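Under numbering that gives the first Met the number 0, the first residue of the sequence shown carries the number 0, and numbering increases by one thereafter. All C-beta atoms in this analysis are idealised placements derived from N, C-alpha and C, irrespective of residue type, glycine included. Quick caveat, the model's predicted, so the values are computed rather than measured. Okay, so here's the structure we're looking at.
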Amino acid sequence: MATRNADTDRGGGLPDAVVEDLLSVDSRRRALSILAASDEPMIVEDLAAAVVADREGCAASTVPASERAAMVDELFTEHLPKLTATDVLSYNSMLGTVELEREGIAPTDST
């Protein structure tokens with residue numbers, strides 16, 4: 000008889016501690032939620048604008064270039080390395096896009 004490990008029930012088989020760590024940062028939670036709602040890969044710059052817009056409660060098209068650039072930098076230095084290392088996201092460097100790979104890890108809302 001197979002038994003389930005309570006530490007691997009969420010996040011497509013990731014241990015709960017890993018999922019909690021991945022979801023511990025607001026920007027990362029928002030990015031995951033936005034990607035979960037997308038039906039296709041997103042350009043990193045567009046994801047950055049969407050994260051800032053979600054946080055600020057405005058349209059992505061109104062996010063200033065400086066804030067978009069700062070979020071792109073944050074995504075590349077802090078969030079994408081963790082999310083790709085855990086196979087939560089895939090990153091296509093040729094196209095500059097990211098795509099959610101694991102179902103069930105993204106929060107249902109970005110707050």
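Own chain, CB closer than 7 Å to residue i, minus 5 neighbours either side, in chain order
i: Glu85; result: According to the sequence provided, residue 85 is Thr. The question's Glu does not apply to it. Closer than 7 Å at the Cβ level, and outside the excluded window around Thr85, lie Leu13, Val17 and Leu21.
Where residue i falls: helix, strand or coil (DSSP)
i: Val97; result: strand
i: Asp92; result: The question names Asp, but residue 92 in the sequence shown is Ser. Of the three classes helix, strand and coil, the one that applies to Ser92 here is coil, per DSSP.
i: Ile33; result: helix
i: Thr85; result: coil
i: Pro14; result: coil
i: Val24; result: coil
i: Pro106; result: coil
Contacts around residue i, its chain only, beta-carbon distance under 8 Å, and the 5 residues preceding and following it disregarded
i: Leu99; result: Leu31, Leu34, Ala35, Ser37, Val87, Leu88 and Ala105
Inter-residue spacing [alpha-carbon to alpha-carbon] between residue i and residue j
i: Glu102; j: Asp72; result: 25 Å
i: Glu66; j: Ile42; result: 16 Å
i: Thr61; j: Glu19; result: 31 Å
Residues that residue i bridges to, as DSSP identifies them
i: Met41; result: Val97
Segment limits, alpha helix (DSSP H) that includes residue i
i: Val71; result: Ala64 to Glu73
Close Cβ partners of residue i (< 6 Å) along its chain, the five nearest in sequence each way excluded
i: Asn91; result: none
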